[in-house]
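Notes follow the structure.
Numbering (UniProt numbering), first residue to last: 1 to 1029.
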């Protein structure tokens, strides 16, 4: 044995010597003495750390045994090789570096060692800092494994296995090792920074920050990291934002910022990239660069001077985008100047300078006020003098620019939505949005003024500006005419209401709470009006934006309520349109318009949830002074959902999470209040006043339904009939017993409504078709025995179909059904047939009853084929093509086993059922052929399901004949494929095969049974098809 392997720094442990002697004296018990020695040394590695470096070198020197190498790595991972209290740090770091270099040499010598290391890392249950070192070693020594290592990093980071706390431990305990692997660490972390997943970005940002701090004494290594970050800023938009996130992280803490300050001169390169950044990125970059200039020194002062020179050039530029970039630079400069007393005057002077430069650009001014509002609300320590000067200026400008005395106004607009009493408005002023360009600034100016007042107030009250909440607004006398000027005023007013609600929603004063709820009602009213006006206004109308941080501005998304089909070209439409709108639909549509156009409507803050704390009002007739209604609760929830879907941001989500208990609590109040109300008793008392004393829910529902049933004779429009049915069905939900006992009654009521002609309704309008569809659903879905009902109706329906020649022709027995909407009835007949089979089969207890049931189904199938052939519209063919396979599947799974078992006992009945079902399969196949020939994309997707069920049915019939000892009764013939018009499809060289039976009897018990399931000439009628034997 090589003696050099036994030279440990502190001498051999006696157990190790004993193991060597034992292994030398008894080599027959162990295959290799080295293996026994290695095992004992591995045990000592974890128990005695004073000579870990030498032991590790001994264990890792022989890399041929990958199993032992893996075991050594596992033990080494759990060994404390980081500096401990009282130990010499530099010696420990050098020991770590020697161990890592030994691992590196082994990986360079053998690919198996690399694979073993990857296996160990993948199998571990608890992460250790050494794992990341091993991964970086693999990247350094095996270029081919780079992708594997990056995949492992991503998997472990995404799952939360690797966290930033592990990185902190790594750089704290293995500082010198990580300095050596800086190149690999930078490569992996920068690749993670290029991704668009938040978990990777956060991990990468913290990793880069620790790399930067790790080289605190090495400016050149830090410069290498910065150069990589600056290089990434020339990549995609997402990578630019991620790179800026790292730089922002570096200036957040004082210790990190001090590491970055010496590089201010190098960071000036970022100023050259301003032209290629969007507005959000320009703001972030200016903020972090201004942050570096907080402490005055020669390098920071030089950077500050460059920033001010750049923003002055941008502000004086005539291009709106460049000017807006200057605005953002100025805002960030003000942010850092306004926090110190000595620089607060400079901040206010810069504010005035910006205003002078943006007077002729309303968009830049709006952006300036908006961004200034954000930094004031987010910054804690602001110089009071600066805020006071700013508030005084904004208040004076607001009154002079946006308000006017009622007496001096001589225009066409009239004051509306005033809530203040005359004594509260001594100046008798009203708000004026008439200037289109400046109208969008009004709510933005209010938000800035409100934030200034909050900063100046000790208790967070807004007494200084509370009159603005109830101030009247100059608006059109009527909203009937949808001119562009009217649209502008309505949108400006909506934005004003949204901002004042945001501003005063947290105020505790009862009068202000009442006025906020009134403003909420005003907002709901105007948004409902807006949904109507958009259906009437000029299609080219484009509102004025209220947010200006996008270049170019996104186009406005129009969401109009459908009011029916457009008239023919050439007809002149009157501006005065009469449209019927549902209030709840308008409420939803108005919120949808606002949420889908976040650039054009001011956002409601998550703080609006505080309104839910106000006592809720269920009945509008209640006399409480101020209470939130169910309608207002629904509106708030609708707005929050719209923001979540179309315009989420991190701050909104965090605020909403904190306020979520209020939302849940209020929704519970809504439910509890509705349950406590005597709604059913009130309805029941409409029939008889004594019903108010009824206790049973079933009795209350029954009496309430009687009241609505009594109104059926005055239903002059089909929409009223639908409302009556819908109301009764809603009431039925409160009593399962009543529902089970009375479903048939409401089916008959719906059928009765369908049997009326409705002369006052337009039978070709979309609303009429929707109403017919709802009545058909109420009729057929509530039938207790749908199969019986469908059978009865199909007995006469096929004869009446031939009379539907023109679109307005109707069925004599169901006048509501015309040729144009017949497909609605056709679909529900299929639904009734399918559900009827499922309901009727469990009721049939004996096979004869089941055979009668399937005979009834087959008869109905035959009739449905005849109807579809008579009225071959695309809708009817599509309905047949979609639903017929479902009936055949039920027949195959539930009917064929019964027919197969009874073929010997009832051969004629079974044969007759098969022949009638054959008509359905033949027509289904004809549709397949016609669809394939015409390449109808609408129908093509249903061909596979139809073909599959047809083939299964053929094999099932053949199997039935074989099982009944008559396999020769099944033979294949040739038929020519034809389309729905009965024309032969000449493009097919091979005709389809036909399965049928010979004319002679095969057995004594079974007559001729046709299994001709698939192909047929579609022009043959069903009577002729039955004779093909």
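From the three backbone atoms N, C-alpha and C, an ideal C-beta is built for every residue, glycine too.
Note that the structure is a prediction, hence the values are computed from the model and not measured.
Along the alpha helix (DSSP H) that carries residue 390, what are the first and last residues, could you check?
384–402 is the span of the alpha helix (DSSP H), which, as asked, contains residue 390.
Residue 447 to residue 403 span [Cα, whole Å]:
Spanning the alpha carbons of residue 447 and residue 403 requires a straight line of approximately 16 Å.
Taking the alpha helix (DSSP H) that residue 416 falls in, what are its first and last residues?
Careful: residue 416 lies outside any alpha helix (DSSP H), inside the beta strand (DSSP E) at 414–416.
Nearest-angstrom Cα distance between residue 840 and residue 737?
Their Cα atoms are separated by approximately 21 Å.
When DSSP labels each residue in this structure, what does residue 777 get in the three-state scheme?
Helix at residue 777.
Just to confirm the assignment, what range does the alpha helix (DSSP H) spanning residue 957 have?
943–963 is the extent of the alpha helix (DSSP H) around residue 957.
Does the contact criterion of 3 or more C-beta pairs under 8 Å hold for the region 844–853 versus the region 802–813?
Verdict: no, contact absent.
Note down, in chain order, each residue of its chain lying with its Cβ closer than 6 Å to the Cβ of residue 77, except the 5 sequence neighbours on either side.
Taken in chain order, the residues that qualify are 128 and 130.
For residue 511 and residue 815, I'd like the C-alpha separation in whole angstroms.
Cα to Cα, residue 511 sits roughly 58 Å from residue 815.
Using the Cα positions of residue 345 and residue 330, report the straight-line distance between them to the nearest angstrom.
If I take the Cα positions, the gap works out to 14 Å.
So residue 117 packs on residue 138, CB below 8 Å; how close in whole Å?
The beta carbons of residue 117 and residue 138 sit about 6 Å from each other, so the pair counts as a contact at 8 Å.
Classify residue 285 as buried or exposed, calling it buried when 16 or more other Cβ atoms lie within 10 Å of its own Cβ.
Buried, by the Cβ-count rule.
From the DSSP secondary-structure annotation, give me the bridge partner or partners of residue 633.
For residue 633, DSSP assigns no beta-bridge partner whatsoever.
Which of helix, strand or coil does DSSP assign to residue 430?
Residue state for residue 430 is assigned as strand, using DSSP reduced to three classes.
Please classify residue 475: does DSSP put it in a helix, a strand, or coil?
DSSP places residue 475 in strand when its eight states are reduced to three.
Three-state class that DSSP yields for residue 67 in the structure shown:
Shown here, residue 67 sits in a helix according to DSSP, grouped into three states.
Whole alpha helix (DSSP H) runs in the region 208–265 with 4 or more residues, listed along the chain?
Counting only runs of 4 or more, we get 219–232, 237–252 and 254–260.
Checking the sheet assignment: what are the DSSP bridge partners for residue 984?
Note: residue 984 sits in a beta bridge opposite 978.
Work out the CA separation of residue 831 and residue 634 for me, nearest whole Å.
Taking the straight line from one Cα to the other gives about 35 Å.
Does DSSP classify residue 872 as helix, strand or coil?
The answer is coil: DSSP assigns residue 872 none of H, G, I, E or B.
Do you know offhand how far residue 195's Cα is from residue 81's?
For residue 195 and residue 81, the distance between alpha carbons rounds to 34 Å.
Measure the C-alpha to C-alpha separation of residue 487 and residue 588 and round it to an integer number of angstroms.
Here the alpha carbons of residue 588 and residue 487 stand approximately 19 Å from one another.
CA nearest to the CA of residue 184, picked from 198, 200 and 143
Relative to the Cα of residue 184, the nearest Cα in the group 198, 200 and 143 belongs to 143.
Going by DSSP, which residues form a beta bridge with residue 810?
DSSP output for residue 810 lists 818 as bridge partner(s).
Taking the straight line between their C-alpha atoms, what separation do you get for residue 601 and residue 318?
One C-alpha to the other measures close to 27 Å.
Cβ pair count under 8 Å reaching 3, the region 857–865 against the region 899–916
Verdict: yes, contact present.
Under the rule that 16 or more other beta-carbon atoms within 10 Å means buried, what is residue 407, buried or exposed?
Exposed, because fewer than 16 other Cβ atoms sit within 10 Å of the Cβ of residue 407.
For residue 405, name the three-state secondary structure that DSSP assigns.
The answer is strand: DSSP assigns residue 405 an E or B state.
Nearest neighbour of residue 263, chosen from 229, 222 and 238 [CA to CA]:
Of all alpha-carbon atoms in 229, 222 and 238, the one lying nearest the alpha-carbon of residue 263 is that of 222.
Taking the CB atoms as reference points, tell me whether residue 666 and residue 612 lie closer together than 8 Å.
If you check the CB distance, residue 666 and residue 612 come in under 8 Å.
Could you check where the alpha helix (DSSP H) with residue 796 kicks off and where it finishes?
Annotation for residue 796: the continuous alpha helix (DSSP H) segment containing it runs 786–801.
Tell me whether the beta-carbon of residue 175 lies closer than 8 Å to the beta-carbon of residue 140.
The answer is no: Cβ separation not under 8 Å.
For residue 716, count the other beta carbons within 10 Å of its own beta carbon; 16 or more makes it buried, fewer makes it exposed. Which is it?
Exposed, by the Cβ-count rule.
Drop a sphere of 10 angstroms on the beta-carbon of residue 758, count the other beta-carbons inside from all chains shown, and report buried for 16 or more, exposed for fewer.
Per the 10 Å Cβ criterion, buried.
Express the C-alpha separation of residue 879 and residue 887 in angstroms, rounding to a whole number.
Answer to the nearest angstrom: the Cα atoms are 12 Å apart.
Reducing DSSP to helix, strand and coil, say where residue 628 ends up.
Residue 628: strand per DSSP, three-state reduction.
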